[in-house]
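Reading through the structure tokens given below for one structure.
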Amino acid sequence: MDNSFRDILFAHEKEDSAAIRSQEEMVSAVREEFANAEKLIAQAREKGFSLAKFFAGAELPADMDLPVRRSKTFYVKKHTAVQRPYMHSHEFYELIYVQTGKCLQALQDGSCVKLTKGQFCLIRPGEAHCVQRIDEGDVILKAVIPRELFDRCVCDIVLPEEGLVVFEQTSLFAEYLFIRLLRESHMRGAYHQTAIFALLSLLFCELVRRREPKEAARLHFYDDYFQNDLKQASLDHFAREYGYTPAYASRSVKRQTGKKFSELLCKYRMQRAAELLSSSDMSVEDIAFEIGYKVPSALYRQFNARFGMTPNEYRNALNKR
């Protein structure tokens, strides 16, 4: 770690350590940080929950609204030792990078995401999470990316659709780009906005390129399951086959593919139905049972929704070629 990088991180720790403060400063800090600040302050007063308790680390009452952080400015900052964990969401995108050590995040559904050295994590607006306190040796950096800047940087980059995306396979080049973003954010020299846009675009290109081989392997995993077990496929069956609970399996499928299990199942059923209609003389009713539908009408409904025609119309169209 070079001296300039160390100095920036030290400045972040010093700034946060000196932050709190009087009641008036706490109210001002909440109003600046949270989009729904006035509602949170009103709810806190109503419940007798003071801002001093919040900044001292007390948990928010269970029936209070979730704090929603806001920022119209891009910046990168260390997750400092004095920062307390609390569940919140954002109006912006947040990109977390673990430079050393680890990062533990609790999600609103009760699950936990662990990042280790070299890994990145993108949290979309509206996704609730809680970054746990750091241990000695943990260096966690967080980039706050306003929506408009994010949209410009990734306009032609295909990112996974899930709310929280973990980039497990990264590179030294990705780390270099992120550290450059930290410095641009801190120094704010000439043309820093142009530099930030260019560095962010390059960083997302690098992260997505590194992720694609693993994504292909994951999709192949689902191909195998649906091709071999399509007739009896269901969320419960999938969970039993791989030793998951149905709830965990549902979250895992959504996180890895960006789709619900039911959406994936319908996709594979329609693909198989189209194959059988084009390559066999099986009746539509037999095809429906072959791909797991208990009643043929379900196949007719789903097939028409996907292809804009009935199974028989699809078969007839193929035979006319």
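The sequence shown begins at 1 in full-length UniProt numbering and counts up by one.
A virtual CB, placed ideally from N, CA and C, is assigned to each residue, including glycine.
Residue burial classification, residue i (beta-carbon count within 10 angstroms, cutoff 16)
| i | result |
| --- | --- |
| Ile196 | buried |
| Thr245 | exposed |
| Phe167 | buried |
| Asn316 | exposed |
| Arg257 | Sequence inspection shows Thr at residue 257; the Arg mentioned does not correspond to that position. Looking at its Cβ environment, which holds 16 or more other Cβ atoms inside 10 Å, Thr257 is buried. |
| Arg269 | buried |
| Tyr314 | buried |
| Leu318 | exposed |
| Thr288 | The sequence given here has Ala at residue 288, not Thr. Looking at its Cβ environment, which holds 16 or more other Cβ atoms inside 10 Å, Ala288 is buried. |
Closest residue to residue i among the options (Cα-Cα distance)
| i | options | result |
| --- | --- | --- |
| Lys267 | His90, Pro67, Phe303 and Glu241 | Phe303 |
| Phe54 | Thr100, Met26 and Ile157 | Met26 |
| Lys114 | Leu104, Ala81, Glu59 and Ile123 | Leu104 |
| Leu199 | Phe178, Leu235, Arg209 and Ser250 | Phe178 |
| Leu66 | Gly258, Ser89, Ala106 and Tyr300 | Ser89 |
| Val68 | Leu40, Asp236, Lys47 and Ser280 | Leu40 |
| residue 358 | Leu107, Ile134, Arg124 and Gln108 | The requested residue 358 is not part of the displayed model; the chain covers only 1 to 321. |
| Lys259 | Asp156, Leu235, Gln132 and Gln227 | Leu235 |
| Leu159 | Gln132, Leu299 and Val208 | Val208 |
| Phe204 | Glu175, Ala190 and Thr194 | Glu175 |
| Gln227 | Ala190, Thr194, Ser201 and Ala273 | Ala273 |
Rounded C-alpha distance that separates residue i from residue j
| i | j | result |
| --- | --- | --- |
| Leu264 | Pro296 | 19 Å |
| residue 344 | Thr80 | Residue 344 falls outside the range modelled here, since the chain spans only 1 to 321, and no answer is possible. |
| Ala247 | Gly292 | 22 Å |
| Glu32 | Arg251 | 34 Å |
| Glu285 | Ser278 | 15 Å |
| Phe49 | Ala58 | 9 Å |
| Gly101 | Tyr225 | 36 Å |
| Val154 | Glu206 | 12 Å |
| Gly110 | Leu122 | 19 Å |
| Phe221 | Glu148 | 35 Å |
| Leu30 | Val253 | Reading the sequence as shown, one finds Val at residue 30 and not Leu. If I take the Cα positions, the gap works out to 36 Å. |
| Asp281 | Phe238 | 30 Å |
| Tyr86 | Leu51 | 13 Å |
| Phe173 | Asp223 | 33 Å |
| Cys112 | Lys294 | 37 Å |
| His192 | Asp151 | 18 Å |
| Asp156 | Met309 | 33 Å |
| Arg124 | Glu290 | 40 Å |
| Gln241 | Ala249 | Rather than Gln, the amino acid found at residue 241 in this sequence is Glu. Each residue's alpha carbon lies about 11 Å from the other. |
| Leu276 | Arg306 | 16 Å |
| Asn312 | Arg255 | 36 Å |
| Ala298 | Gln132 | 46 Å |
| Ser171 | Leu182 | 17 Å |
| Met1 | Ala106 | In this predicted model, Met1 has a pLDDT of only 47, less than 50, meaning its place in the structure is not dependable; the value taken from the coordinates is given anyway. Roughly 29 Å between the two C-alpha positions. |
| Glu24 | Phe261 | 49 Å |
| Tyr202 | Ala190 | In the sequence as displayed, the identity of residue 202 is Leu instead of Tyr. If I take the Cα positions, the gap works out to 20 Å. |
| Ser28 | Thr194 | 31 Å |
| Tyr300 | Ser283 | 12 Å |
| Arg180 | Gly243 | 43 Å |
| Gln108 | Arg45 | 24 Å |
Contact belief for residue i with residue j at Cβ below 8 Å, rounded distance in angstroms
| i | j | result |
| --- | --- | --- |
| Ser83 | Met64 | The sequence given here has Gln at residue 83, not Ser. No, Gln83 and Met64 are not in contact; Cβ-Cβ is about 20 Å, not under 8 Å. |
| Val98 | Gln119 | 5 Å |
| Arg210 | Gln169 | 5 Å |
| Pro61 | Lys77 | About 28 Å separates the two Cβ atoms, so there is no contact after all. |
beta-carbon residue i near the ligand NAP non-hydrogen atom, thresh 6 Å
| i | result |
| --- | --- |
| Asn304 | Here there are no bound small molecules, and the ligand NAP is not part of this structure. |
### Task
State whether the segment 168-186 contacts the segment 224-238, with contact taken as three or more CB pairs (one from each stretch) at a distance under 8 Å.
no
#### Entry: Any 3 or more C-beta pairs closer than 8 Å across the segment 113-133 and the segment 154-174
yes
### Message
Could you check whether the segment 71-80 touches the segment 133-153, counting it as contact only if at least three pairs of C-beta atoms, one from each stretch, sit closer than 8 Å?
### Response
yes
### Task
Assess, as a yes-or-no matter, whether the segment 36-48 is touched by the segment 89-109 under the definition of 3 or more beta carbon pairs within less than 8 Å.
no
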